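Undergrad:
In our numbering, the protein residues as written are 105 to 283.
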């Protein structure tokens, strides 16, 4: 019999293993003894551990599981007794990172196969080292262009050199990008 079950045999309630006898008068008028040998079948237990990703539920024995905890499933085991399986669930942490960067105007950058030339928030999602989604966020700001203006006077026929340019006439406007 199974653990925690009873049977009734010839007026006896039996719930433990052992040898049980029943004596009666047989059809020939003599004593007749019947022996019942009872063994107790063990309950079947199994326990498993698993970890799941946040927001990624699993289905286990008809149960949808999305939070950490201990879940049980009971059924009839191979020995015809109760069988209980326990699933211990943990949640893997989210993997995320955020970075801030500033780029010069008109100077795009490449980030995770994206060409970025404007201010904004950019995300990249991939599979992290724990097997779950991993999200990286890049916050981009644009550095302003810098302008400066200088007035100078030069003598006629005496050119000057300014940022690699030779200036020899007056009233010319020359520009150079500041780094």
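All C-beta atoms, glycine included, are put in the ideal place defined by N, C-alpha and C.
Fair warning: this is a prediction, and the values are worked out from it, not measured in the lab.
#1: Less than 7 Å between the C-beta atoms of residue 256 and residue 200, yes or no?
#2: So what does DSSP say about residue 226, is it helix, strand or coil?
#3: So what's residue 354 in DSSP terms, helix, strand or just coil?
#4: Skipping 5 residues on each side, what residues in its chain have a beta carbon closer than 8 Å to that of residue 223?
#5: Chain C beta carbons: is any one of them nearer than 7 Å to that of residue 140?
#6: Give me the residue from 198, 194 and 146 with the minimum Cα distance to residue 180.
#7: Please report the distance separating the alpha-carbon of residue 117 from that of residue 186.
#8: Given that a residue counts as buried once 16 or more other Cβ atoms are within 10 Å of its Cβ, and exposed if not, what is residue 191?
#9: With a cut-off of 8 Å on the beta carbons, I'd call residue 139 and residue 120 a contact; round off their distance for me.
#10: Residue 217: which of 229, 210, 208 and 209 sits nearest, CA to CA?
#11: Would you mind working out which of 195, 173 and 177 sits nearest residue 235, comparing C-alpha positions?
#12: Indicate the three-state DSSP secondary structure (helix, strand or coil) for residue 109 in the structure shown.
TA: In terms of the structure at hand:
#1: no
#2: strand
#3: Coverage of the chain is limited to positions 105 through 283, which leaves residue 354 absent and any answer about it impossible.
#4: 244, 245 and 246
#5: Of the protein chains in this structure there is only one, and it is not chain C.
#6: 146
#7: 20 Å
#8: buried
#9: With 8 Å as the limit, residue 139 and residue 120 do not qualify as a contact, their Cβ atoms being about 16 Å apart.
#10: 229
#11: 195
#12: coil
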